[in-house]
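Reading through the structure tokens given below for one structure.
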Amino acid sequence: MSTKVEENLALDSGIQKRLGQLIEALVEDERVGSSRELGRITGVSFNTLVNWSEGKADPRLQKLVQFAYAIGWSMTELMQYAEGDEDPYEAITRKKKARQQKYRKAS
């Protein structure tokens, strides 16, 4: 019998801070509006998002993947953002524009 063990990721404090900034920027996005709504959209609970944002908890890999997918980012994109210095609002705007261009090309 195998036991599934899912450990929290031990994120560097700088990466955790950037993740918190992204969460705050997403909450302020006109399509989201609240941490509770972001939780509903991503399937990550409000309390978990607050704890991530405040650096009180490290995310589980599965939840982080779920979060990235729900906001339209790959894990690679999320980690590149977290390790970089791009403004979170600019990152969100850039991703929106890229999605719009992709849909225009597909039409």
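Quick note: the sequence shown uses the numbering used here, first residue 1125, plus one each step. In this text, a Cβ means the ideal position worked out from N, Cα and C, and glycines have one as well.
In the same chain as S1158, and ignoring 5 residues on each side of it, the C-beta atoms closer than 7 Å to its own belong to V1151, in chain order. Collapsing the DSSP output to three states places S1177 in a helix. The criterion of a C-beta distance shorter than 9 Å is satisfied by E1148 and S1177.
Scanning its chain for C-beta atoms nearer than 8 Å, with the 5 sequence neighbours on each side dropped, one finds around G1144 the residues W1176, S1177, E1178, G1179, in chain order. Boundaries of the alpha helix (DSSP H) harbouring V1151: 1137 to 1152, taken from the DSSP string.
With a contact defined as Cβ atoms closer than 8 Å, G1167 and Q1190 qualify at about 6 Å.
Residues of the same chain with a CB within less than 7 Å of the CB of K1219, apart from the 5 flanking positions on each side, are G1196, W1197 in chain order.
Here K1221 is exposed: its Cβ has fewer than 16 other Cβ atoms, across all protein chains shown, within 10 Å.
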